[in-house]
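Reviewing the structure listed below.
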Amino acid sequence: MADYSSHFGVYSKALDLRAQRHQVLASNIANADTPQYKARDFEFSSAMANAMAGREAGGALTMATTARAHIAGSGSTGAAHLQFRSETQSAVDGNTVDMDVERAQIAENAIQYQILTQLIGDKFKGLRTAMSSTQG
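At the far end of the sequence shown sits residue 279, using the numbering used here, and the numbering has no gaps.
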């Protein structure tokens, strides 16, 4: 039987990116009244491609450690490359957050997250069924 990471690796990375995107969108909403705040987001498909290739944002490889005592880390926040969202409405204070866009994006992201959790649940259900049918 193939290892579980091959079955769930894609789903796990997609869930991580959806959670990260939710944080970015929530940050935009939280800063809707902050002067000069620029709304941020990232392109999910390119972030997913970077995550599947094991790259950090921008295509760089992850940082290597040369001794066991070194802390693994990177210079970025993950596979997602945050970008400033293009301005859809003019604000006197320079803020580029459009609440309608943010609400739509956060709702779409939440639905995608829910779909992924359902797919993972179905995958576990199938594995559970397969294991229970071979035990008796």
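We put the CB at the ideal spot given by N, CA and C, even for glycine.
Keep in mind that this is a model prediction, so the values were computed, not measured.
Grab the span of the alpha helix (DSSP H) containing Ala-273 for me, first residue to last. Taking the first residue of the sequence shown as position 1, residue 273 is located at position 130. Here the alpha helix (DSSP H) through Ala-273 covers 242 to 277.
Would you report the Cα separation of Phe-267 and Ile-172, rounded to the nearest angstrom? Numbered from its first residue, the sequence shown carries residue 267 at position 124. Numbered from its first residue, the sequence shown carries residue 172 at position 29. Between Phe-267 and Ile-172, the C-alpha separation is close to 35 Å.
Inter-residue Cα distance where the pair is Arg-211 and Lys-181: Here residue 211 is taken as the residue at index 68 of the sequence shown, counted from 1. Here residue 181 is taken as the residue at index 38 of the sequence shown, counted from 1. Going by the C-alpha atoms only, they are around 40 Å apart.
Near Phe-187, which residues of its chain fall below 7 Å by C-beta distance, leaving aside the five closest residues on each side in sequence? Within the sequence shown, residue 187 is the residue found at index 44, counting from 1. Excluding residues within five positions, the ones whose Cβ falls inside 7 Å are Leu-160 and Arg-164.
Under 8 Å, do Arg-183 and Gln-232 count as touching if we go by C-beta distance? Looking up residue 183 in the sequence shown gives position 40. Looking up residue 232 in the sequence shown gives position 89. 8 Å or more divides the Cβ of Arg-183 from the Cβ of Gln-232.
The alpha helix (DSSP H) enclosing Asn-193, as first and last residue numbers: Within the sequence shown, residue 193 is the residue found at index 50, counting from 1. Under the DSSP assignment, Asn-193 falls in the alpha helix (DSSP H) whose first and last residues are 187 to 195.
Use the C-beta contact count for Glu-251: other C-beta atoms within 10 angstroms, 16 or more gives buried, fewer gives exposed. Start at 1 with the first residue of the sequence shown, and residue 251 comes out as number 108. Around the beta-carbon of Glu-251, fewer than 16 other beta-carbon atoms lie within 10 Å, marking it exposed.
Could you confirm whether any beta carbon from chain E is found closer than 8 Å to the beta carbon of Thr-239? Going by chain labels, chain E is absent from the structure shown, which holds only one protein chain.
Could you tell me whether the segment 190 to 200 touches the segment 241 to 256, using the rule of 3 or more Cβ pairs below 8 Å? Contact between the segment 190 to 200 and the segment 241 to 256 is absent: fewer than 3 CB-CB pairs across the two stretches fall below 8 Å.
Contacts around Gln-257, its chain only, beta-carbon distance under 8 Å, and the 5 residues preceding and following it disregarded: One-based indexing of the sequence shown puts residue 257 at position 114. Answer for Gln-257: no residue qualifies.
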